[in-house]
Each structure stands twice: as C-alpha cells, then as structure tokens.
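A.B. asks:
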Amino acid sequence: MSTPKGYELLLALHDRPGCFAAEDPRLVAGDHVKVGFKTDPPPKGKRGGWPEGEWMWLEVTAAVGAWPGVVYRGELRNRPLYIGGLAVGCPVEFRPGEIYDVVHDSPDRPEGERESPPGRGRPHQGDQLWVICTHVRDGTAAEVWCRPDRIAVCEECATRGPEKVPGDGGVTPGELFASCPACLADILRKRPALALGREYLERDGVLGHVGHN
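Numbering (the numbering used here), first residue to last: 1012 to 1224.
1. In angstroms with no decimal places, state the Cα-to-Cα distance between P1079 and W1156.
2. DSSP three-state call for G1180: helix, strand or coil?
3. Nearest by alpha-carbon distance to E1104: which of V1082, E1154, A1189 is it?
4. Would you grab the beta carbon distance between D1035 and R1090 for me? Rounded to a whole angstrom, and I think it's under 8 Å.
5. Cα separation between L1087 and I1094?
6. Can you have a look at V1021 and say buried or exposed, based on whether 16 or more other CB atoms are within 10 angstroms of its CB?
7. Between E1174 and L1024, what straight-line distance do the alpha-carbon atoms span, to the nearest angstrom?
8. CA-CA distance, A1032 and L1187?
9. Does DSSP classify T1145 as helix, strand or coil?
10. How should H1071 be labelled, buried or exposed, when 16 other C-beta atoms within 10 angstroms of its C-beta is the threshold for buried?
11. Could you check the C-alpha separation between K1045 and L1140 for me, to the nearest Å?
12. With a threshold of 16 other CB atoms inside 10 Å of the CB of E1124, please say whether the residue is buried or exposed.
13. Based on Cα-Cα distance, which residue from C1194, A1163, R1158, S1117 lies nearest to D1042?
14. Quick check on DSSP: helix, strand or coil for P1102?
15. By Cβ distance, which residues of its chain are closer than 7 Å to P1028, with the 5 residues on each side in sequence left out?
16. Looking only at its own chain, which residues have a Cβ that is under 6 Å from the Cβ of A1040, when we skip the five neighbours before and after it?
17. Look at L1097 and Y1211 and say whether their C-beta atoms are less than 8 Å apart.
18. Excluding sequence positions up to five away, which residues of its chain have a Cβ less than 7 Å from the Cβ of D1051?
19. Could you spell out the range, first to last residue, of the alpha helix (DSSP H) harbouring R1213?
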C-alpha cells in the first residue's frame, strides 16, 4: 500500500507478510513499530550499494477497525536516507502484514505492561533518534564523528568515496542503525574518543548520560 504522500510500503519480510498478519500486535497509541519503505531509484551512475528498502520506526497514533483488517496510523520517527520528501513526523498508514517489529512502550500502558526497548536502535518515548554506523554501534570506531543532523559515524564511513550517499557526507549504505541518546551514550561511555561534534551531543543531552562534565 502507499502512504498518504505516495510512498510505497513493503511487506514485513519484503516479499511476504510478517507474523503480525497472523497474530494481533495489540497496538495502542504511543507504541512503536518498524516498517519498510521502498526507496527511491538510485541516482544516475550509482554503482551498487543502493538498498531496495529502508526500514524505519513509526510512533502509532491511531487504529481504524479491528485486527486483522485494521488500518493503523503513525508518524515517522527516523530521518530517511534514501527517500526524498519523506521526513520525521510525516503521517503513515500501515497494516498488520507490513509490521516488521513492535515495541509496546506507550506511556498510556500500565507500568507492568510497558516494555523497555531492549538492545540498541529501539526508540525511547520522546527521544530524538540518532543514526550510527556499524563501527560506532559495535564499539570498534577509533574516533566518532558527530553531525548536527544526528548522525554519528567513524572516520572510515564519513570519508569513504565511491559508496557515498549523495548529500549525506559519505555515510555508507547498509551500515546505518537507529540509536536513542541513552544507547549512544552507553557506546561512548566505553569508547569516548570524539573527533568532531561534541556540541551536538551536548545539545541532545547525550553527554549528560555519559557523565561528561
């Protein structure tokens, strides 16, 4: 199906529905889901490395109808890298078969039912998500380069030439992950070698999580 702005959603497993087509995800407003969007065609002359889909988090805002025929509404919580015109906060409509992952973290849920997003890359309610490369995520980056648009990458991913994403400063396709400020702080606590962008971490309160003065 397409979003109200005409962007095409993928089935959860790319070519077929995921488990939530057969199992009610029990979503309420404030929960988060991950869905896949079909990416724009690659720029002319692009040599490989351009993904067919970009999977991003939505915050659920409403549900119309009952499962399995329900149509959910949500707002995008990631900044797309491969889809022009789609931005954080854009409204998106989706169905159960298009849901890849679910986090039941709505603030309206009773405390005992509210999930704490496990692992890295899960959205925390009210946080502004960062995008990090594989090397930053795994703690193998010698230095971390932080940008004002909430991208934190290693020097290699920031400066690599042939695989640059146009307009994105050299971030390489296939190496990007969403990270909440607290998760990024946990990474930097173990390897706090910052090359650039300390002021952007301070702006988002990441360094407060790390414990820097």
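From the three backbone atoms N, C-alpha and C, an ideal C-beta is built for every residue, glycine too.
C.D. replies: On the basis of the data shown:
1. Locating residue 1079 in the sequence shown gives position 68, where the first residue counts as 1. Locating residue 1156 in the sequence shown gives position 145, where the first residue counts as 1. About 44 Å.
2. The sequence position of residue 1180 within the sequence shown is 169, counting from 1. Because the pLDDT of G1180 is 44, which lies under 50, any placement of that residue in the model is unreliable, and the number read from its coordinates should be weighed accordingly. Correct three-state label for G1180: coil.
3. Within the sequence shown, numbered from 1, the residue matching residue 1104 stands at position 93. The residue with the shortest Cα to Cα distance from E1104 is V1082.
4. Numbered from its first residue, the sequence shown carries residue 1035 at position 24. Numbered from its first residue, the sequence shown carries residue 1090 at position 79. No, D1035 and R1090 are not in contact; Cβ-Cβ is about 30 Å, not under 8 Å.
5. Counting from one through the sequence shown, the residue named residue 1087 turns up at place 76. Counting from one through the sequence shown, the residue named residue 1094 turns up at place 83. If you take the alpha carbons of L1087 and I1094, they lie about 12 Å apart.
6. Counting from 1 along the sequence shown, the entry for residue 1021 is found at position 10. Note that residue 1021 corresponds to Leu in the displayed sequence, not to Val. With 16 or more other Cβ atoms within 10 Å, it is buried.
7. Position 163 of the sequence shown holds residue 1174. Position 13 of the sequence shown holds residue 1024. Any reading at E1174 must be qualified, since the residue scores a pLDDT of 40, below 50, and its modelled position is unreliable; the value itself is stated next. Distance between the alpha carbons of E1174 and L1024 is about 26 Å.
8. As a first step, residue 1032 must be located in the sequence shown, where it is residue number 21. As a first step, residue 1187 must be located in the sequence shown, where it is residue number 176. Approximately 27 Å between the Cα atoms of the pair.
9. Working through the sequence shown from its first residue, we reach residue 1145 at position 134. Here T1145 sits in helix by DSSP.
10. Here residue 1071 refers to the residue found at position 60 when the sequence shown is read from its first residue. As written in the sequence, residue 1071 is Val, which differs from the His given in the question. Taking a 10 Å sphere around the C-beta of V1071, we find 16 or more other C-beta atoms and assign the residue as buried.
11. Residue 1045 sits at position 34 when you count from the first residue of the sequence shown. Residue 1140 sits at position 129 when you count from the first residue of the sequence shown. The C-alpha of L1140 is placed about 14 Å away from the C-alpha of K1045.
12. Start at 1 with the first residue of the sequence shown, and residue 1124 comes out as number 113. By the neighbour-count rule (16 or more Cβ atoms within 10 Å), E1124 is not buried but exposed.
13. The residue labelled residue 1042 in the question sits at position 31 within the sequence shown. Checking every option, the nearest Cα to that of D1042 belongs to S1117.
14. The residue you call residue 1102 lines up with position 91 of the sequence shown. Residue state, collapsed to three classes: strand.
15. On the sequence shown, residue 1028 is found 17 positions in, with the first residue counted as 1. So the qualifying residues of the chain are L1022, G1108.
16. In the sequence shown, the residue the question calls residue 1040 occupies position 29. Around A1040: V1071, T1072.
17. Your numbering for residue 1097 matches position 86 in the sequence shown. Your numbering for residue 1211 matches position 200 in the sequence shown. No, these two residues do not count as a Cβ contact at 8 Å.
18. Locating residue 1051 in the sequence shown gives position 40, counting from the first residue. Y1093, I1094, G1095, listed in sequence order.
19. Sequence index remark: in the sequence shown, residue 1213 carries index 202 (1-based). For clarity, residue 1213 is Glu in the given sequence; the question names Arg instead. Here the alpha helix (DSSP H) through E1213 covers 1209-1214.
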